[in-house]
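Novice: Sharing a structure, written as structure tokens. Questions coming.
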Amino acid sequence: RSILRRCWRFGNLMIVFVFGSMYLFASLEPLSSIAPATRKLFLPFVPSLSSRAQAWRLTSGYGLFRRMTGVGQKTQVLPNSGGKAIPVVARPELELQGSDDGTNWKPLEFKFKPGDVSRAPPWVGLPGLPGTFSGMHQPRLDWQMWFAALGSYQYNPWLLVLIYRLLEGSDATRSLLATELWPKEWSAGSPPRAIRIIKFEYDFVRQEQAKSGKWWSRKRVGEYLPPLTLDNPSLQDFIRSQGIAKPAAKRSSQWGSSIASAIRNHDELLVRGVFLVLLLFTGMSQLKTLLRRKEGASESTSAT
91 RSILRRCWRF
101 GNLMIVFVFG
111 SMYLFASLEP
121 LSSIAPATRK
131 LFLPFVPSLS
141 SRAQAWRLTS
151 GYGLFRRMTG
161 VGQKTQVLPN
171 SGGKAIPVVA
181 RPELELQGSD
191 DGTNWKPLEF
201 KFKPGDVSRA
211 PPWVGLPGLP
221 GTFSGMHQPR
231 LDWQMWFAAL
241 GSYQYNPWLL
251 VLIYRLLEGS
261 DATRSLLATE
271 LWPKEWSAGS
281 PPRAIRIIKF
291 EYDFVRQEQA
301 KSGKWWSRKR
311 VGEYLPPLTL
321 DNPSLQDFIR
331 SQGIAKPAAK
341 RSSQWGSSIA
351 SAIRNHDELL
361 VRGVFLVLLL
371 FTGMSQLKTL
381 LRRKEGASES
391 TSAT
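Just so you know, we're using the working numbering here: the sequence shown kicks off at 91 and counts up by one.
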């Protein structure tokens with residue numbers, strides 16, 4: 091019985107190994123679209139295996155957008171590169187800037203998308219850790235800002251609504267941005283008098299400039315949206331045409347609103363707690379399963 095059991099386990103292991111290896115090799119072809127140069131390293135049977143697996147929809151492209159769309163020059167000779175042209179990814183980004191006098195403009199940072207060139211990019215899939223995504227979903231507003239940067243505000247009218255809500259000091263809208271990184275005169279709740287949008291092209295700094303403490307290098311492209319104030323006639327006409335009404339005046343005593351605001355302000359903490367509890371229960375479940383298997387194996391060994 092001991093020999094049969096071992097043969098059975100070995101057979102199961104070989105089945106998992108063979109099919110797992112086939113699935114791995116079949117996945118290499120779509121995965122290589124990120125770095126086409128790696129296809130030269132494939133074994134001869136990999137392309138054929140991948141094409142046959144396509145009929146079963148076992149593998150597909152890696153991610154909805156495998157590569158972020160770049161603009162501008164594909165290669166560029168940078169300082170300290172020895173005259174060698176290296177790849178440059180010009181990532182278009184929009185920066186919201188606020189002002190109280192129409193002369194001095196300061197950035198209004200977002201939570202996740204590139205902004206301050208000295209701020210490290212967030213990591214995906216690590217909820218609750220400093221500088222990371224705080225939830226198990228994609229930040230919708232930050233993602234849409236990248237799409238808007240590929241066109242103009244005329245084709246992204248929601249940007250005007252965003253500006254309008256920020257100018258009127260909407261708490262719900264402000265909570266979508268990193269107000270803790272805003273200038274002190276606006277982070278406390280008082281909105282800027284005017285907001286404009288400037289378009290930049292971002293690229294990661296090279297190793298030679300890493301000591302500067304900057305993560306990004308950027309080049310100003312131009313003005314994406316001219317300065318707007320809350321009483322701007324064009325903005326007011328647009329808001330009315332969209333049927334967007336002004337929010338109701340805040341009442342002095344709203345205990346229900348206070349509770350909702352507290353929950354909204356601490357939603358990241360709640361998400362972290364839920365994630366950690368789920369992670370803990372998953373780990374305990376896996377540990378319990380392993381212990382049961384170990385006990386079963388020891389009992390079968392003693393019985394034989």
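Each residue gets a CB set at the ideal place from its N, CA and C atoms; glycine is no exception. A quick note: this is a predicted structure, and the numbers were derived from the prediction, not measured.
Please state whether DSSP places T128 in a helix, a strand or coil.
Specialist: As a first step, residue 128 is located in the sequence shown; it is residue number 38 there, counting from the start. Three-state DSSP puts T128 in a helix.
Novice: Starting from F200, follow its DSSP beta bridges and name the residues at the other end.
Specialist: Position 110 of the sequence shown, counting from 1, holds the residue named residue 200. DSSP output for F200 lists L267 as bridge partner(s).
Novice: At least one CB of chain B closer than 7 Å to the CB of F100: is that the case?
Specialist: Among the chains in the structure shown there is no chain B, since it carries only a single protein chain.
Novice: Helix, strand or coil for E313, going by three-state DSSP, please let me know.
Specialist: The sequence position of residue 313 within the sequence shown is 223, counting from 1. It is a strand residue.
Novice: Would you decide whether M374 is buried or exposed? Buried here means 16 or more other CB atoms lie within 10 Å of its CB.
Specialist: Working through the sequence shown from its first residue, we reach residue 374 at position 284. Classification of M374: exposed, given that the 10 Å Cβ count is below 16.
Novice: Which same chain residues end up closer than 7 Å to G205 when comparing Cβ atoms and leaving out the 5 residues on each side of it in sequence?
Specialist: The count along the sequence shown starts at 1 and reaches residue 205 at position 115. Result list for G205: E185, P197 and E199, in chain order.
Novice: Out of curiosity, what's the CA-to-CA distance linking L236 and P212?
Specialist: By one-based count along the sequence shown, residue 236 stands at place 146. By one-based count along the sequence shown, residue 212 stands at place 122. For the record, residue 236 in the displayed sequence is Trp; it is not Leu. Between W236 and P212, the C-alpha separation is close to 15 Å.
Novice: Which stretch, first to last residue, makes up the beta strand (DSSP E) that contains E291?
Specialist: As a first step, residue 291 must be located in the sequence shown, where it is residue number 201. Note, E291: beta strand (DSSP E), A284 to F294.
Novice: Do P281 and L257 have their C-beta atoms closer together than 7 Å?
Specialist: Working through the sequence shown from its first residue, we reach residue 281 at position 191. Working through the sequence shown from its first residue, we reach residue 257 at position 167. Yes, these two residues count as a Cβ contact at 7 Å.
Novice: Check whether the stretch 274-288 and the stretch 246-264 touch, using three or more Cβ-Cβ pairs below 8 Å as the test.
Specialist: Contact holds: three or more Cβ-Cβ distances are below 8 Å.
Novice: Classify P217 as helix, strand or coil using the three-state DSSP reduction.
Specialist: Translated into positions along the sequence shown, residue 217 becomes position 127. Note that P217 has pLDDT 43, beneath the 50 cutoff, so the model's placement of it is unreliable and no number is given.
Novice: Are the stretch 313-333 and the stretch 291-305 in contact at 8 Å, needing three or more beta carbon pairs?
Specialist: Judged by Cβ distances under 8 Å, the stretch 313-333 makes no contact with the stretch 291-305, as fewer than three pairs qualify.
Novice: In the DSSP output, what is P182 paired with across the bridge?
Specialist: Working through the sequence shown from its first residue, we reach residue 182 at position 92. Paired residues: E291.
Novice: In the DSSP assignment, what are the bridge partners of R308?
Specialist: Taking the sequence shown and counting its residues from 1, the one referred to as residue 308 is at position 218. R308 pairs with Y292.
Novice: What's the call for F290, buried or exposed, on a 16-neighbour Cβ count within 10 Å?
Specialist: Here residue 290 refers to the residue found at position 200 when the sequence shown is read from its first residue. Flag for F290 reads buried.
Novice: Hey, could you find the ends of the alpha helix (DSSP H) W98 is sitting in?
Specialist: Along the sequence shown, one-based indexing puts residue 98 at 8. Segment S92 to L121, the alpha helix (DSSP H) holding W98.
Novice: By the three-class DSSP mapping on this structure, what secondary structure does S189 have?
Specialist: Counted from its first residue, the sequence shown places residue 189 at position 99. In this structure, S189 counts as strand in the three-state DSSP scheme.
Novice: Cα-Cα, which of G279, M104, G241 and Y292 is closest to K203?
Specialist: Reading the sequence shown from its first residue, position 113 is the one you call residue 203. With distances taken between Cα atoms, K203 lies closest to Y292.
Novice: I'd like to confirm the pairing. Which residues does DSSP put opposite L318 in its beta bridges?
Specialist: For this step, residue 318 is matched to residue 228 along the sequence shown. Answer by DSSP bridge pairing, in chain order: I285.
Novice: Go ahead and pull the three-state DSSP assignment for M233.
Specialist: Counting from 1 along the sequence shown, the entry for residue 233 is found at position 143. Position check: residue 233 holds Trp in this sequence, whereas Met was assumed. Of the three classes helix, strand and coil, the one that applies to W233 here is helix, per DSSP.
Novice: In this structure, how does DSSP classify P323 when only helix, strand and coil are distinguished?
Specialist: In the sequence shown, the residue the question calls residue 323 occupies position 233. Three-state result, P323: helix.
Novice: At which residues does the alpha helix (DSSP H) containing Q144 begin and terminate?
Specialist: For the purposes of this step, residue 144 is identified with residue 54 of the sequence shown, where counting begins at 1. First-last of the alpha helix (DSSP H) with Q144: V136 to Q144.
Novice: Pull up the distance between the alpha-carbon of A125 and that of L118, whole angstroms please.
Specialist: As a working mapping, residue 125 is identified with position 35 in the sequence shown. As a working mapping, residue 118 is identified with position 28 in the sequence shown. A125 and L118: Cα-Cα distance of roughly 11 Å.
Novice: Can you list, in chain order, the residues of its chain with a C-beta nearer than 6 Å to that of P317? Leave out the 5 residues immediately preceding and following it.
Specialist: Numbered from 1 along the sequence shown, position 227 holds the residue referred to as residue 317. Only A284 and R286 meet the Cβ criterion.
Novice: May I have the straight-line CA-CA distance separating T372 from R96, to the nearest angstrom?
Specialist: The count along the sequence shown starts at 1 and reaches residue 372 at position 282. The count along the sequence shown starts at 1 and reaches residue 96 at position 6. The alpha-carbon atoms of T372 and R96 are separated by roughly 29 Å.
Novice: What span of residues does the alpha helix (DSSP H) with R255 cover, start to end?
Specialist: Your numbering for residue 255 matches position 165 in the sequence shown. Counting along the chain, the alpha helix (DSSP H) containing R255 begins and ends at W248 to L257.
Novice: Alpha carbon to alpha carbon, what distance is there between T379 and R181?
Specialist: On the sequence shown, residue 181 is found 91 positions in, with the first residue counted as 1. On the sequence shown, residue 379 is found 289 positions in, with the first residue counted as 1. Those two C-alpha atoms are separated by around 47 Å.
Novice: Below 7 Å between beta carbons: does that hold for E275 and A239?
Specialist: In the sequence shown, residue 275 corresponds to position 185, counting from 1. In the sequence shown, residue 239 corresponds to position 149, counting from 1. In this structure, A239 does not lie closer than 7 Å to E275 by Cβ.
Novice: Among residues of its own chain, excluding the 5 on either side of A116, which ones have a beta-carbon nearer than 7 Å to its beta-carbon?
Specialist: Position 26 of the sequence shown, counted from the first residue, corresponds to residue 116. Hits under 7 Å: L139, S140, A143, L148 and T149.
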